[in-house]
Amino acid sequence: AAGSLWIVYAARKNYKPIERIVTQVQKLSQTKAATLMQGSGQDEFTFLQSAINQMLEQSNTYQRQFREDLHVKKAYLFQQLVEGQHLPKSEEWEMLRDMMQLNDLDMPQVVCVVEIDKFASFCSQFTQEDQYLMKFALKSVIQETAQEHGGIVWTEWISGDGLGVLVQIEETDDPRSRVTDMLDHARRWVQEHLKLTVTVGAGAAAQCPAEIPESYAQAQQALKYKMVLGSNRIIFYDSLAKEDQGAMFD
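Basically this note's numbering = 1-based index in the sequence shown + 8.
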C-alpha cells in the first residue's frame, strides 16, 4: 500500500508548482493590464510579455517533468501489479486510475507479453536509437489499435525484449477474440512496416486483481513454446493447457 500511496502523493506534489505558476500569470496579467490601461507605455507591455513568456516556459518545463515522472511511476506500478508485489485496494486504485488513466480492475484483465523475436539479431542490426524508435512504434501501434477497437490496454516494457500488455475485457467480450483483434493487427503491422516479428504470449483472463500475477506467469509460460509452435503468432496459454504438453517434447 505504501508504494501506491507514495505515487499518489508524489504526483499531486509535483503538480502544485504548475498551479502556482498559472495563478502568478493570472495575477501579473491583471496587474499589468490595469497599468497599461492608464497609458504607462510600451515598456510595461514588453515587461509583461517577457514575464509571461518566462512563466509559460517554466510551466512547460514542470509539465514535461511531471509527465516523465508519471511515466516512471506507471511502469513501476505495472511491474508491482503483474508480479503480485502489491495488490491495491479498490479506493486506492480509483485515485491512481483517475490520475494516470489506468485500467478498471473491477473488469477482467488478460496479461500478454509481446516478445521481439531473434532479439540478439535485433540488437546487433539496429543502433540504440533505432531500437528505441522501433519499441516506441510497437507500443504505440498496440495502443492505437486498442482505441480503434474501443478497447483499453495498459502497456509497459518489462524487459529488453518484452512488452507487457494488460488488456481490459468488457462484459460482452470473448477474451480470446479481444486479444486477437488488438494484438494480431499490431503483430502484422510490425512485420510489414518495421521488418521484424514479435510473438505474443497470452494468459487466461484474471477475474480479479489477485489473479493478475497468475495470468502474467501464464503469458510468460506460453512464450516458452515458441520454439515448438513457431514464432510470429499469438500463443494462448489456455490452448496449451488443453493439450498433452509433455507430448510436444517427445
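Ideal placement from N, C-alpha and C gives every residue a C-beta, glycine not left out.
Are there 16 or more other CB atoms within 10 angstroms of the CB of residue i, so buried, or fewer, so exposed?
i: Met190; result: buried
i: Leu141; result: exposed
i: Arg241; result: exposed
i: Ala227; result: buried
i: Pro158; result: In the sequence on display, residue 158 carries Gly and not Pro. With fewer than 16 other Cβ atoms within 10 Å, it is exposed.
i: Ser148; result: exposed
i: Glu164; result: buried
i: Tyr245; result: buried
CA-CA distance, residue i and residue j?
i: Leu171; j: Thr207; result: 11 Å
i: Leu89; j: Arg196; result: 29 Å
i: Cys216; j: Ile177; result: 12 Å
i: Lys40; j: Leu78; result: Only weak support is given to the placement of Lys40: the predicted model assigns it a pLDDT of 49, under 50, and the value that follows is read from those uncertain coordinates. So the alpha carbons of these two residues sit roughly 35 Å apart.
i: Ala145; j: Gln139; result: 10 Å
i: Arg105; j: Ser185; result: 25 Å
i: Met235; j: Leu85; result: 31 Å
Using beta-carbon positions only, say whether residue i and residue j come within less than 9 Å of one another.
i: Lys126; j: Leu204; result: yes
i: Val118; j: Leu202; result: no
i: Ala194; j: Ile150; result: yes
i: Asp169; j: Glu123; result: yes
i: Ala218; j: Leu110; result: no
i: Val187; j: Cys131; result: no
In chain order, what residues of the same chain lie with their CB nearer than 8 Å to the CB of residue i, ignoring the 5 residues before and after it?
i: Ala225; result: Gly211
i: Lys91; result: Checking the sequence, you will find Glu at residue 91 rather than Lys. Same-chain partners within the cutoff: Pro221 and Tyr224.
i: Ala214; result: Pro116, Gln117, Val118, Val119, Ile220, Glu222 and Ser223
Tell me, which residues are paired with residue i by DSSP?
i: Phe244; result: Ala210
i: Gly238; result: Beta-bridge pairing links Gly238 to no other residue.
i: Thr205; result: Answer is none; Thr205 lacks a bridge partner.
i: Glu137; result: In DSSP, Glu137 forms no bridge with anything.
Apart from the five residues on each side of it in sequence, which residues of its chain come closer than 7 Å, Cβ to Cβ, to residue i?
i: Leu248; result: Ala230 and Tyr233
i: Leu237; result: Ile243
Can you check whether the C-beta of residue i is within less than 9 Å of a C-beta belonging to chain B?
i: Glu164; result: The chain labelled as chain B is not found in the depicted structure, where only one protein chain is given.
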